[in-house]
Structures are given as C-alpha cells and as structure tokens.
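Asker:
Number of protein chains: 2
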Amino acid sequence: MFELDVRSRKPIYEQLVERLKELIITEVLTADEQLPSVRTLAQQLTINPNTIQKAYRELESQGYIYSIKGKGSFVSEATPSRNSEKIDKVRNELSKLLSEALYLGITKNELYKLIQEIEAAIGGGIEDDQNP
Amino acid sequence: MFELDVRSRKPIYEQLVERLKELIITEVLTADEQLPSVRTLAQQLTINPNTIQKAYRELESQGYIYSIKGKGSFVSEATPSRNSEKIDKVRNELSKLLSEALYLGITKNELYKLIQEIEAAIGGGIEDDQNP
DNA sequence: TAACTGTACTAGTAATCATAGTACAATTCA
DNA sequence: TGAATTGTACTATGATTACTAGTACAGTTA
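Residue numbers (the working numbering), protein chains in the order written: chain E, 1 to 132; chain U, 133 to 264.
(1) How would you write the range of the alpha helix (DSSP H) that I179/U sits in, first residue to last?
(2) Where does the unbroken alpha helix (DSSP H) through I68/E begin, and where does it stop?
(3) Of the residues K69/E, Y64/E and K86/E, which one's Cα is nearest the Cα of A78/E?
(4) Between L148/U and I184/U, how many whole angstroms is the CB-CB distance? I'm expecting something under 8 Å.
(5) Helix or strand or just coil, what does DSSP make of Q248/U?
(6) Taking C-beta pairs closer than 8 Å, name the residues in chain U that E100/E reaches, listed in chain order.
(7) With a threshold of 16 other CB atoms inside 10 Å of the CB of A187/U, please say whether the residue is buried or exposed.
(8) Rank I200/U, I144/U, L167/U and L229/U by C-alpha distance to the C-alpha of I25/E and give the top, closest one.
(9) Residues bridged to V75/E by DSSP?
(10) Flag Y196/U as yes if its beta-carbon sits less than 7 Å from any beta-carbon of chain E, otherwise no.
(11) S169/U to L161/U, Cα distance in whole Å?
(12) Is the beta carbon of V90/E sitting closer than 7 Å to the one on A233/U?
(13) Can you check whether the CB of Q34/E is closer than 7 Å to the CB of G72/E?
(14) Measure the C-alpha to C-alpha separation of S67/E and I179/U and round it to an integer number of angstroms.
(15) Is the CB of K69/E under 7 Å away from at least one CB in chain U?
(16) Taking the Cβ atom as the reference point for each residue, do K108/E and I238/U lie within a distance shorter than 7 Å?
(17) Which one of R151/U, L136/U, E225/U and T172/U has the shortest CA to CA distance from L191/U?
(18) On a Cα-Cα basis, can you pick out the residue from N50/E, Q62/E, R9/E and L45/E that is closest to M1/E?
(19) In whole angstroms, what separates the C-alpha of P11/E from that of D5/E?
(20) Could you work out which residue in P49/E, L41/E and K21/E is closest to Q62/E when comparing CA atoms only?
(21) Indicate whether at least one CB of chain U lies closer than 7 Å to the CB of E93/E.
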C-alpha cells in the first residue's frame, strides 16, 4: 500500500503525507474510513511510530483526516477544510508551476487534457457548470 | 528587485531561485541580459556570496541562466533546456497539485481562466494550435 | 597590472530528521 | 472492572543536511 524510499532526501513522513493525500483525493480511502494505528503502521513499515504520528498530525492540520484519542484516525469528509488560506496557497503554487510548464513548452491543450483526465480520475464528484 | 525573508523556513537561495525564475519566465529579464555578480548582489542583499552562487548554480543546472568565468552570469534563451526529464517532473508535480486544487473545490473553469491569464502574462511567445 | 568575474574548497554552526524510550488519557471489549 | 488498544506528549540522541563564513584560485576586462 505504501512504497517508501528511506534513502530518498525527501523525509519519510513527507512521503507518507503525499501518499495518503493521494489516496484520499482519489477516494481509494473514503470518508470516515479508519486508518491503521500509528503503532500498527509503524510495525508494518518498520519505521518509528513517531514518524507516523508526525505524518498524521500534518494530515490532520491540513484537514484530510481527524483523530480521536483512544479510537483512531479517520479520513475526513471530502473538501474538508474549505480553508481559504489553503486554497490561496494552492492557487499560488499552481500559478508558478503553470508558468513554468508553459515556459517549458507544455501546450495549453495539454494542460486542458490533463485537467480533464484528473477530474475523471477523481470521479467527477465536483460538478462544473460549463465546459470551455 | 528582490524581497527576501531571512526569517522564513524557506532557504534564501530557494527564494532567490524562485524569484529569478519568475523574472525570467515573465521576460522581465531577457535573453543574454547580465545578472548582478555574486558579490554585488550579496552586498546589496547583505547575505553571503556563497548563497548567491548556490542560487545561480541551481538556475544554471535548470537551464535558466549560463555563467562564464571572469565575465558574469547571463539569462539563457527562452525554452532553454527542453529537457524531457524536467518536463516530466513538472507534469508530475502539476498532476498532484491539480488534483488537490480540484479536491479543494477550485473549479475547472477557474483553472482554465488561470491558464489563460498566465499565458497572457508570459506574452504568448508560445503559440498554441487551437483553443478548447 | 589591477579590478572585476565565477568557482572550488574547507570548516563551523544551526536546523531537521528519524529513532528510542517513557508516560498519560480516552476508548473498546472481554 | 481490567486489560488491551488508541492517540498524544515529552525528552534525548545520533545522523544528516542546510546554511554561513572565509579563503583561495582561474579567467576576463580595461
């Protein structure tokens, strides 16, 4: 379920956050589904529980999961945070990356196609009012 | 010209890379234009010359600038690298970010609009074959 | 030659990361 | 109730990386 590269320069906990976020966004993990406990997952991945906890804490602060002491950690509802601060941040990063993509020669059409594909993969849970 | 936040967790050299990349992509800095020397810029920003050098080295490895010993550092031609490896990387990051954006409720239309705006800002140097 | 340019190298400090160990509170279930 | 599980909070330690500082060298220019 998780492919970790302990030799990567990218911290393990970040890899975990990315991977879990991906599973949540693509709805492989669905709302209120229970995640493995920090100890269980740590044992499975043969890494320290503290590392798992750090990843879970990060995901919780970003609104992707919620944790209840004594019960466990669970996937949040879709579009959990609706945090405008977070949306602004994503929009900002997106601007930079799109600029770079266009600069490198990736065409607009390619970008449109990419968006379509991703939307299809997510499952179209978010309806749009009109196609361009 | 450069607004640096030395108190940010983001390294200074990364801030420099981002800012310079932005200026190059938006053609505020044009091809073959000379950049300030590592020492001059270091003095202006009251930071260590090595930090500037690190940023310049990074930009050079990404194909945005080129440096000549004894002469200086200069902006590269547009679409410099055409490095397919780099394009793949950007495409990958873009996928992740677009997924997150859609998940957070940013609509397709908004994304299309964003692409249009960015293209306009860049100056439309890269022509596209057709609008969607 | 003198003053500039980029570049390379070492060294020291600071920050981050992963781990280990312990402890505590809340929940679950036999 | 009691045992096992859950999340959470600490401290401490070793390893690695990031950043800064200083010095030196090579090429270019006037």
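Note that the Cβ used here is the ideal one computed from N, Cα and C, for glycine as well.
Answerer: Short version:
(1) As a first step, residue 179/U is located in the second sequence; it is residue number 47 there, counting from the start. Looking at the DSSP string, I179/U is not in any alpha helix (DSSP H), and its letter there is neither H nor E.
(2) As a position in the first sequence, residue 68/E is number 68, starting the count at 1. Element bounds for I68/E: not the alpha helix (DSSP H) but the beta strand (DSSP E), I65 to I68.
(3) On the first sequence, position 78 is the one that residue 78/E refers to. Looking at the Cα atoms, Y64/E is the closest of the given residues.
(4) Residue mapping note: residue 148/U aligns to position 16 of the second sequence, counting from 1. Residue mapping note: residue 184/U aligns to position 52 of the second sequence, counting from 1. Yes, L148/U and I184/U are in contact; Cβ-Cβ is about 7 Å, under 8 Å.
(5) In the second sequence, the residue the question calls residue 248/U occupies position 116. Residue state, collapsed to three classes: helix.
(6) Within the first sequence, the letter at position 100 stands for residue 100/E. In chain order: K153, I157 and V222.
(7) Position 55 of the second sequence holds residue 187/U. A187/U comes out buried.
(8) Taking the first residue of the first sequence as position 1, residue 25/E is located at position 25. Per the Cα distances, L229/U.
(9) Numbered from 1 along the first sequence, position 75 holds the residue referred to as residue 75/E. Per DSSP, I65/E.
(10) The sequence position of residue 196/U within the second sequence is 64, counting from 1. No, no contact with chain E.
(11) Working through the second sequence from its first residue, we reach residue 169/U at position 37. Working through the second sequence from its first residue, we reach residue 161/U at position 29. About 15 Å.
(12) Your numbering for residue 90/E matches position 90 in the first sequence. Your numbering for residue 233/U matches position 101 in the second sequence. In this structure, A233/U lies closer than 7 Å to V90/E by Cβ.
(13) For this step, residue 72/E is matched to residue 72 along the first sequence. For this step, residue 34/E is matched to residue 34 along the first sequence. Yes, the pair counts as a contact, with Cβ atoms nearer than the cut-off.
(14) As a position in the first sequence, residue 67/E is number 67, starting the count at 1. As a position in the second sequence, residue 179/U is number 47, starting the count at 1. When rounded, the distance between both Cα atoms is 43 Å.
(15) As a first step, residue 69/E is located in the first sequence; it is residue number 69 there, counting from the start. Judged by the 7 Å Cβ criterion, K69/E is not in contact with chain U.
(16) For the purposes of this step, residue 108/E is identified with residue 108 of the first sequence, where counting begins at 1. For the purposes of this step, residue 238/U is identified with residue 106 of the second sequence, where counting begins at 1. No, the Cβ-Cβ distance between K108/E and I238/U is not below 7 Å.
(17) Taking the first residue of the second sequence as position 1, residue 191/U is located at position 59. Among R151/U, L136/U, E225/U and T172/U, the Cα nearest to that of L191/U belongs to R151/U.
(18) Within the first sequence, numbered from 1, the residue matching residue 1/E stands at position 1. Of N50/E, Q62/E, R9/E and L45/E, the residue nearest in Cα terms is L45/E.
(19) Within the first sequence, the letter at position 11 stands for residue 11/E. Within the first sequence, the letter at position 5 stands for residue 5/E. Approximately 9 Å, taken between the alpha carbons.
(20) Counted from its first residue, the first sequence places residue 62/E at position 62. Nearest option by C-alpha distance: K21/E.
(21) Counting from 1 along the first sequence, the entry for residue 93/E is found at position 93. Yes, contact with chain U.
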